[in-house]
Amino acid sequence: VKPMFALAGLHYGINTPERSVRDPGWYQLNGQGRRYRDWKKWGHGWAVDLRTAVEQSCDVYFYDLAHRLGIQRLHDFSVQFGFGVPTGVDQTSERPGVMPSDAWKRKALGQPWYPGETLSAGIGQGYVLTTPMQLAQMTAVLANRGHVFRPHLLAAVDGKPVEPELLHTVE
Numbered sequence: 176v177k178p179m180f181a182l183a184g185l186h187y188g189i190n191t192p193e194r195s196v197r198d199p200g201w202y203q204l205n206g207q208g209r210r211y212r213d214w215k216k217w218g219h220g221w222a223v224d225l226r227t228a229v230e231q232s233c234d235v236y237f238y239d240l241a242h243r244l245g246i247q248r249l250h251d252f253s254v255q256f257g258f259g260v261p262t263g264v265d266q267t268s269e270r271p272g273v274m275p276s277d278a279w280k281r282k283a284l285g286q287p288w289y290p291g292e293t294l295s296a297g298i299g300q301g302y303v304l305t306t307p308m309q310l311a312q313m314t315a316v317l318a319n320r321g322h323v324f325r326p327h328l329l330a331a332v333d334g335k336p337v338e339p340e341l342l343h344t345v346e
């Protein structure tokens with residue numbers, strides 16, 4: 176999910192490829208309280224930019240980005256890639272998964288959204304629940320430069336090839 180969220184930061188104009196963060200191995204909201212750990216205990220260094228963050232899957236960079244984006248923008252951007260909704264793949268038991276938002280949490284759990292939960296969502300954890308098909312579709316959307324096609328498991332039906340169907344383009 177990190178490449179998709181990197182693109183969200185660029186899309187909403189709150190990030191640039193050159194902007195960097197210091198990664199000592201943890202992140203704190205507003206510099207206080209709980210430390211959200213990076214997968215790399217000692218961190219990724221002093222100047223982690225967008226390219227390095229994606230290449231090395233730097234949690235601290237994406238915690239910071241998620242905090243600046245906020246859960247609503249993370250949610251809205253992700254839904255365009257097929258998160259939290261069925262992809263429409265040609266099978267009968269597809270589940271929608273969950274791309275959380277404040278409204279989703281209030282409806283599902285009767286609780287407010289907390290800022291720390293945004294950090295977890297920013298690295299694809301917490302309440303985020305995706306299917307393998309949604310992850311494959313997200314990857315395809317990135318590779319297809321924002322064009323969202325209905326995924327298919329079948330190459331043909333009754334001998335007739337299944338044609339690609341453009342659903343929409345990510346805005």
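Counting from 176, one number per residue, gives the positions in the sequence shown under the working numbering.
Even for Gly, the Cβ is constructed at its ideal location relative to N, Cα and C.
Since this is a predicted model, take the numbers as computed values, not measurements.
Where residue i falls, given that 16 or more other Cβ within 10 Å makes a residue buried
i	result
P307	exposed
Q207	exposed
K216	exposed
H343	exposed
Y236	buried
P287	exposed
S268	exposed
Q300	exposed
DSSP state of residue i mapped onto helix, strand, coil
i	result
A296	helix
G200	coil
P336	strand
Y236	helix
R243	helix
V303	coil
F180	helix
R209	coil
F252	helix
Supposed contact pair residue j and residue i - C-beta distance, whole angstroms, cut 8 Å
i	j	result
A296	V229	Not a contact, Cβ separation roughly 17 Å.
R248	A183	6 Å
V303	V323	With a Cβ gap of about 19 Å, V303 and V323 do not count as contacting.
Y187	L294	Y187 to L294, Cβ: 17 Å. No contact.
Rounded C-alpha distance that separates residue i from residue j
i	j	result
R243	L284	25 Å
Y238	A278	21 Å
D213	Q203	11 Å
CB contact check: residue i to chain D, cutoff 8 Å
i	result
P307	No chain D appears in the structure shown, which is made up of a single protein chain.
Original post:
Is there contact between the segment 249-262 and the segment 191-200, where contact requires at least three CB pairs shorter than 8 Å?
Top reply: No: the two stretches stay apart, fewer than three of their Cβ pairs being nearer than 8 Å.
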